[in-house]
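Heads up: the structure comes next, in structure tokens.
There are 4 protein chains.
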Amino acid sequence: MIKAVVVGGSGYVGGELIRLLLFHPKVKVIAVSSNSNVGKKIVGIHANLTGMTDLLFEKEDIKKLGKNADVIFFALPAGESMSKIKQVNLKKTKVIDLGPDFRLKDKNLFKNTYGFSHTAINILTDAIYGLPEINKKAIKNSSLVASPGCFPTSSLLALFPFAKNNLLTKTVIINSVTGSSGSGIKLTLSTHHPERANNFMAYNIFSHRHQPEIKQTLDLLQGSSVDVVFTTHSAPMVRGIFTTTYIFLEKLTNQEEIEKLFHKTYENNPFVRMVKHVQVSSVVGTNYCDIAVFVQENKVIITSAIDNLIKGAAGQGIQNMNIMFGLPETIGLLYPGMHP
Amino acid sequence: MIKAVVVGGSGYVGGELIRLLLFHPKVKVIAVSSNSNVGKKIVGIHANLTGMTDLLFEKEDIKKLGKNADVIFFALPAGESMSKIKQVNLKKTKVIDLGPDFRLKDKNLFKNTYGFSHTAINILTDAIYGLPEINKKAIKNSSLVASPGCFPTSSLLALFPFAKNNLLTKTVIINSVTGSSGSGIKLTLSTHHPERANNFMAYNIFSHRHQPEIKQTLDLLQGSSVDVVFTTHSAPMVRGIFTTTYIFLEKLTNQEEIEKLFHKTYENNPFVRMVKHVQVSSVVGTNYCDIAVFVQENKVIITSAIDNLIKGAAGQGIQNMNIMFGLPETIGLLYPGMHP
Amino acid sequence: MIKAVVVGGSGYVGGELIRLLLFHPKVKVIAVSSNSNVGKKIVGIHANLTGMTDLLFEKEDIKKLGKNADVIFFALPAGESMSKIKQVNLKKTKVIDLGPDFRLKDKNLFKNTYGFSHTAINILTDAIYGLPEINKKAIKNSSLVASPGCFPTSSLLALFPFAKNNLLTKTVIINSVTGSSGSGIKLTLSTHHPERANNFMAYNIFSHRHQPEIKQTLDLLQGSSVDVVFTTHSAPMVRGIFTTTYIFLEKLTNQEEIEKLFHKTYENNPFVRMVKHVQVSSVVGTNYCDIAVFVQENKVIITSAIDNLIKGAAGQGIQNMNIMFGLPETIGLLYPGMHP
Amino acid sequence: MIKAVVVGGSGYVGGELIRLLLFHPKVKVIAVSSNSNVGKKIVGIHANLTGMTDLLFEKEDIKKLGKNADVIFFALPAGESMSKIKQVNLKKTKVIDLGPDFRLKDKNLFKNTYGFSHTAINILTDAIYGLPEINKKAIKNSSLVASPGCFPTSSLLALFPFAKNNLLTKTVIINSVTGSSGSGIKLTLSTHHPERANNFMAYNIFSHRHQPEIKQTLDLLQGSSVDVVFTTHSAPMVRGIFTTTYIFLEKLTNQEEIEKLFHKTYENNPFVRMVKHVQVSSVVGTNYCDIAVFVQENKVIITSAIDNLIKGAAGQGIQNMNIMFGLPETIGLLYPGMHP
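Protein chains in written order, with the numbering used here: chain A, 1 to 340; chain B, 341 to 680; chain C, 681 to 1020; chain D, 1021 to 1360.
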């Protein structure tokens, strides 16, 4: 059994990690930390787990937590995991970081994006960007994986087939929509029920901090700078990301050609499902990314959807763990969604 | 024109007051206060009013605010209005308090219910309980009205016809359901969108602080102690109270008799609508209370619904103002709801 | 492996059955029928199962479907399963009916309740009312189980500890609230999104057809006629039943005594969780019934919640199957809910 | 008083027309028709109007309905108004069509878009496209106005300032999101509450029938063919359209320049509000279109929101009526939205 620790277990991503790990047949959760809830029952915050675990939240003492751990998951806000991961003996314990601290490779870009300096630059370059469909081999050999979040996952899976074939020569427009759980368990006015229900809005236009991460990954795949316009919106639902991506190819294409491109790209990737009609409700509760493509002349529209807390966070982290430990990629993750 | 001031204009009730007063043909809003937003535009918080008012939030200086006011509305949390209302010259300026400070008549009951002592006992007995359908004459002659909130309004309108005829001799069960705006603009976990959407729960069973207010009013009408069980629930909607009330009469009755009782009781009350089927969506956005009755032997079930922020707060306050100033009761309040 | 057939697989209950059975470690789904979708893919209606099954809907030819089946689940509207179940060889194949046809024992009561006559009276008396927490032993030995639906399950689990101890001597008030999936996949105005979202209403007051079923079960347990008032409401959520039950005991009682009664009653029932705070979101996606009790003098309020499609339908059916086949009661059903 | 008739009063647009017209100070509603509800009370379908009108639905006998009418509003599905409008004496009675029959000017384009031929071509060219912010003068002098619907209104108001200045030389991407009321009162699976709540999807990509209408209007303004990509999405809310529009200018621009362009374009248009942050909740219940602009180099993103049933349907129709009858444009339409 893989002995797993969750650092930052009181948020929504942490809760999903605990839930999925508790039912993972090859994992034993040995500790969960939350500095603001030390000594309290996990089910006091995650009532859905009532009757399934007696674990209590522990202090975030990385040395102690890590002693017997085979893997530590970090589910902390931006800036909070870098100093803690430095304390882990990466030769002995693997780390999967679900926060953003190790996703951007350029320290200046990091500072511009997050507003503070990176303090673990020596291990920053070791970290592998943990989008399994793109980086499986590197993830397998890594002991520090920076698992991407919800917006980049849904966007990059829509664009990867084009970028790896150097087809993104014109402006890419990514129009993304998120549910309220993407903002986390922390109370904010925009996730206050009276304000969020029945509402829809765009936010952080031209300034969302996931844009650099998406662009960095596309640039690397494309081998040149990709012009990425990334727009995010809030919808009155709890879970789910829905992304509509618009690209313009150099040449005319057709539906068949683009579908073939996607099928070939993702043929050995069990968590990407090519469908005719993408909807959030089909992926909620699952680790799947559903994708559909639509073509007109040289224009391609790609719709993609994921559960932001699973394929966009906890599930993806576990998928990375499976790969890092040589397990089947899908183990512990093959839940279907519910209808309705 | 009646010169009106709103004290506590940054919450949802305050916002509704401003909205309704701005469009009231006999009112001019001369000032709105909010200590935490002094100098900011009202439309910065209540974006729905964009283009309709240039007013800024002012400090809660009651002396200054009240100088030219004909009426001051208080929309403050429990315990915050009593000391301020003491500063108003009630001979010159009428006060309508939408908070709970002047609703309970017994200072001990007040302390037990709210956990702190009343500090304006000298004017407590002057305050009239401002449920117009029950107390119209007293309201007309009063200069200090304690306007009841959402749960008591929907409950008391369901029970008034029985209490005034001394029919509440057995236990009364009031099962009430509220939308999230009833908890106000203050952020709480139970109104965090991810927690509230798709959820339903009961809360404060046998201990809700509106129970004493309902019981006090029924006891007075009934002329003896009424056994009141009052249970509140949270539903995943923004606006609306829906109350299902169960009473047991001494004798067998029938549908016709009970309908007649209600029609007679409310015949001159334009904001009570007797209907066959009560639903929240028909009253949202309005000052109406819709009521339906159902009879089986000696059992009567009454369903009633209101918009918690209008008939359960701001609209009721304005209805009280209309009565206090000798205006038609309905002026400025005859908005229909929307479908859907 | 138990070879299972689902008759009526295109509705929400059928879909949940398929989903849960596909992942049940001891079951193989050999056929699913839907007369209106013959030859179509199951995932065409239940898109959540994309990639998990290639099954097609078959015709409702019971003889053919039942030939190799160890168990047949019926998920059909009222009146549609009785004639079909008559065609099953109950000595060879077990039947679990999720519809109402075999729940009421009295043919006159059945006719009064459903408006048409029962046509399989010869097997009606053989059918066991399949609420496992009440009837486990009888279910184990039965080959025809009438699995109760969502309202009766949440109500009866709240009342069973009292009824089995003959404590229901006074009127019982059951105030129940349901999500929209309880009305099924068939389109209706009351489940039309614009009408249902943001709305709340009561319906079928004093006339809901689940009242006789609840009363029949309580009468039997109590050994005398119980006066049951049962009121149902629609809330703007998709899944979940929340029931607030009010009872009056002959004697004063207290919190401890009532909690003890519940713990004792349900000590060997893994799907009843006694909690301090019941909420729909903690049971959605699970087979659990969460229950909390509140006591004041001789009054007891019980709150209970279930997922209407799981513990209130498909999950309960599978729980019955587990018992009927001598399997551990919880196998294939131990899913936690999600937070949020 | 303007004597108004509503043809097609049982749908959501018809209901909003009735609601707004009943409270319009210069209008008297003399008749409302609905062929499927002849003789029934209007409040039987639009319960929000309880107590506000005694009108019954009448037969769609245009000759009879139109006899005393100064204006007839048509709120019928595609293809149903053209033959009826032909029966109106346009010299005597003005017509405002809220359906699509008179919006496309080219009969071939009409047939391609709607799948059937136009049968009133002789008056098709007389019809004025009733977007007041673009066409006020022509509307004033017209007796047949084709009032545009929700998607085109929110899109065209975002693009009008550019098109009238011939700036739309590159592909325009319109990414639009609608609430469920946009699909009308007719029951469909995609507006079934269990399917729609918590869900989000795109639909009719590259094939939505409002695209030709948007393109026709932009082409005319721009004076050349505009490349319009128009994508529609369903969100789990009842009311509201939110549109995110992406355009690429020939030259670099900046925030100030674009804001100035919008302010100038809309300076005399009271129902366009330029704001910093657009959200659906601020326009629901109103006739406003809120717009914000965001600029980066040569890229401009415009966000716009309207209430689909008001500015996107009934309210716009009344705005057109006000203009056609020489009334102030805003009369009867200056309702604010509600917060929350």
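We treat Cβ as the ideally placed atom computed from N, Cα and C, and that holds for glycine. These numbers were taken from a predicted model, which means no experiment stands behind them.
Using alpha carbons as the reference points, say which of the options lies closest to residue i.
| i | options | result |
| --- | --- | --- |
| Gln1339/D | Pro1290/D, Glu1233/D and Glu1078/D | Pro1290/D |
| Leu1007/C | Ile927/C, Val707/C and Leu700/C | Val707/C |
| Glu760/C | Lys771/C, Phe974/C and Asn715/C | Asn715/C |
| Phe74/A | Leu334/A, Leu333/A and Gln316/A | Gln316/A |
| Gly694/C | Lys979/C, Ala877/C, His943/C and Leu756/C | Leu756/C |
| Arg613/B | Phe546/B, Thr572/B and Ser494/B | Ser494/B |
| Val1192/D | Gly1305/D, Thr1198/D, Asp1239/D and Ala1217/D | Asp1239/D |
| Val857/C | Thr911/C, Gly810/C and Lys743/C | Thr911/C |
| Lys447/B | Ile463/B, Lys434/B, Leu438/B and Ile545/B | Ile463/B |
| Asp1225/D | Val1248/D, His1212/D, Asn1219/D and Leu1329/D | Looking at the sequence provided, one finds Ile at residue 1225/D rather than Asp. It is Val1248/D. |
| Asn728/C | Val278/A, Val300/A and Asn68/A | Val278/A |
| Ala654/B | Leu1354/D, Gln1316/D, Met1358/D and Ile1330/D | Met1358/D |
What number of angstroms, rounded off, separates the C-alpha of residue i from the C-alpha of residue j?
| i | j | result |
| --- | --- | --- |
| Ser487/B | Asp466/B | 13 Å |
| Ile479/B | Asn662/B | 10 Å |
| Phe450/B | Phe456/B | 8 Å |
| Lys1023/D | Tyr628/B | 29 Å |
| Pro194/A | Pro916/C | 14 Å |
| Asn681/B | Met341/B | The question about residue 681/B has no answer, for chain B in this structure spans 341 to 680. |
| Thr330/A | Thr868/C | 39 Å |
| Lys260/A | Gln216/A | 26 Å |
| Pro812/C | Asn948/C | 11 Å |
| Val226/A | Ser1210/D | 36 Å |
| Val431/B | Lys526/B | The residue asked about is misnamed: residue 431/B is Lys in this sequence, not Val. Going by the C-alpha atoms only, they are around 34 Å apart. |
| Thr923/C | Asn1155/D | 56 Å |
| Thr1139/D | Ser1103/D | 7 Å |
| Thr265/A | Leu144/A | 25 Å |
State yes or no: is the C-beta of residue i within less than 7 Å of the C-beta of residue j?
| i | j | result |
| --- | --- | --- |
| Val1025/D | Ile1116/D | no |
| Glu60/A | Ser33/A | yes |
| Ala711/C | Leu736/C | no |
| Ser984/C | Ala838/C | yes |
| Thr1265/D | Ile1194/D | yes |
| Ile986/C | Val973/C | no |
| Gly1028/D | Gly1169/D | no |
| Val1201/D | Pro676/B | Position check: residue 1201/D holds Ser in this sequence, whereas Val was assumed. No; because the gap between Cβ atoms is not below 7 Å, this pair is not in contact. |
| Gly1012/C | His704/C | yes |
Would you check whether the ligand GDP has a heavy atom nearer than 6 Å to the C-beta of residue i?
| i | result |
| --- | --- |
| Leu1014/C | Absence of the ligand GDP is noted for the structure shown, with no ligands found whatsoever. |
Identify, in the order they occur along the chain, each residue of the same chain with its Cβ nearer than 6 Å to the Cβ of residue i, setting aside the five sequence neighbours on each side.
| i | result |
| --- | --- |
| Gln562/B | Ala503, Asn506 and Leu508 |
| Met201/A | Ser234 |
| Pro492/B | His550, Glu553 and Ile554 |
| Lys1190/D | Phe1268 |
| Pro1120/D | Ala1098 |
In chain order, what residues of the same chain lie with their CB nearer than 7 Å to the CB of residue i, ignoring the 5 residues before and after it?
| i | result |
| --- | --- |
| Gly864/C | Gly691 and Tyr692 |
| Ser142/A | Ile128 and Met324 |
| Lys1271/D | Asn1318 |
On the DSSP bridge assignment, give the partners of residue i in chain order.
| i | result |
| --- | --- |
| Asn515/B | Thr571/B and Thr584/B |
| Glu58/A | Ser33/A |
| Gln619/B | Met881/C |
| Met614/B | Ile631/B |
| Leu1164/D | Val1115/D |
**Asked** Which residues, in order along the segment 504 to 527 of chain B, keep a beta-carbon less than 9 Å from a beta-carbon of chain F?
**Response** Absent here is chain F; the protein component of the structure consists of chains A, B, C and D.
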